[in-house]
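Written out below as structure tokens is the structure these notes cover.
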């Protein structure tokens, strides 16, 4: 039986800068839940942000996988992406990312094959090797006694997932007759017609491991600058040095996740990011909860250690007025040479997050479309 291999077009990876932005702008959404709000509220905000950023020329919208965190409602990226696909028509949608060791590769191939069928030519599959949660929750997800079992096997799991997506296990392989559906096998069935494309694979990372692997495989790479800023330039350098042209890319393509929050008033931006920093302090000290209000953060007595953490954390958050955020993003692009900037705005209020993306779009003169 002949096989029809799906392909990934390079223009499904590379975006086009809009307005005066130096590179394409995109969105990373953690579906954050603020105190006094529900997950339903958070998901409605995600739809509103996706529709706004699509209308303003943002290139892609990714959902991050996290677990056991009350303030983050993005435990099921594929489900959320299906919801967003029903409310958008052009913007690329994807995972930023699915944590591969938490899932069977066949299940991921089926989920993203289904998403591709729902939104043809608009789906990205970003993959990470971290758990996206604490160790105990990771063990519960993986049903494994050895916590790092999945992460250690990441290259093998990636190869297996790729085989399922392309439906090209070799003869004699135990999975040769197993097919991810929707997928390429449908084109080989009598009367079958199947899209020749599949979601592009991206590797995500916050250190050098995934950077080097992505480079050696000729895949696009996404780096988590928003929580690992000290490793950004070394990881991007390693990715570019390791890069080998592939059927997907002739040259490296790297985006970076950036914490950025624009408000109409500089003082308000400081209030918002301080509340977000308090949320991160609680998470890092084993007390995860909903994102606090700025008023709660103002009333909180920060210990010297907490104050230092907040100062260090917010030094990596580009915040302020629209002009200040634009200047910060321009400077970051110059320092890193990133091919794309993926913005994530963490704030208690969905309205504040929505306004931030609108202000950034206006600052760069991004087009308004219907």
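Numbering (my numbering), first residue to last: 43 to 412.
Every residue, glycine too, gets a C-beta built ideally from N, C-alpha and C.
So residue i and residue j are supposed to be a Cβ contact under 8 Å. How far apart are they, rounded?
i	j	result
residue 352	residue 395	Contact doesn't hold; Cβ gap of about 20 Å is too wide.
residue 142	residue 92	That belief does not hold up - the Cβ atoms of residue 142 and residue 92 are roughly 24 Å apart, past 8 Å.
residue 206	residue 147	6 Å
residue 286	residue 260	5 Å
residue 111	residue 330	5 Å
residue 363	residue 304	7 Å
residue 102	residue 132	About 11 Å; that fails the 8 Å criterion.
residue 50	residue 100	Contact doesn't hold; Cβ gap of about 21 Å is too wide.
residue 98	residue 403	4 Å
residue 323	residue 348	5 Å
residue 291	residue 250	Incorrect: roughly 19 Å between the Cβ atoms, too far for contact.
residue 366	residue 308	7 Å
residue 231	residue 258	That belief does not hold up - the Cβ atoms of residue 231 and residue 258 are roughly 35 Å apart, past 8 Å.
residue 262	residue 295	4 Å
Can you check whether the CB of residue j is closer than 8 Å to the CB of residue i?
i	j	result
residue 302	residue 277	no
residue 241	residue 166	yes
residue 369	residue 387	no
residue 385	residue 123	no
residue 383	residue 73	no
residue 390	residue 336	yes
residue 264	residue 214	no
residue 222	residue 155	yes
residue 105	residue 83	no
residue 115	residue 85	yes
residue 203	residue 120	no
residue 407	residue 87	no
residue 409	residue 61	yes
residue 225	residue 209	yes
residue 75	residue 81	yes
residue 77	residue 343	no
Residue i: which of the options sits nearest, CA to CA?
i	options	result
residue 139	333, 243, 251	243
residue 113	357, 389, 333	333
residue 108	344, 173, 100, 133	173
residue 55	267, 405, 168	168
residue 411	155, 76, 94	94
residue 293	256, 324, 322, 269	256
residue 157	181, 318, 170, 128	128
residue 183	350, 117, 289, 296	117
residue 162	130, 201, 78	130
residue 371	343, 297, 237, 322	297
residue 341	366, 245, 354, 313	313
residue 220	149, 258, 279	149
residue 170	237, 153, 144	144
residue 52	311, 327, 239	239
residue 413	344, 275, 319, 96	Absent from the model: residue 413. The displayed extent of the chain is 43 to 412, so no value can be given.
residue 268	327, 96, 319	319
residue 354	401, 180, 270, 212	270
residue 200	236, 218, 325, 245	245
residue 328	228, 236, 234, 179	179
residue 237	326, 164, 63, 79	164
- Continuous alpha helix (DSSP H) assignments of at least 4 residues falling wholly in the region 309 to 381: 336 to 341, 346 to 356, 364 to 378
- Message: To test your reading of the DSSP string, which unbroken beta strand (DSSP E) runs of 3 or more residues are found completely within the region 60 to 124?
- Response: 67 to 71, 102 to 105
- Message: Check whether the region 376 to 384 and the region 356 to 364 touch, using three or more Cβ-Cβ pairs below 8 Å as the test.
- Response: no
- Which full runs of the alpha helix (DSSP H) of 4+ residues lie inside the region 238 to 290, going along the chain? 250 to 259, 274 to 284
- Query: Going along the chain, which unbroken runs of the alpha helix (DSSP H) with 4 or more residues stay wholly within the region 149 to 224?
  - Reply: 177 to 184, 191 to 194, 196 to 208
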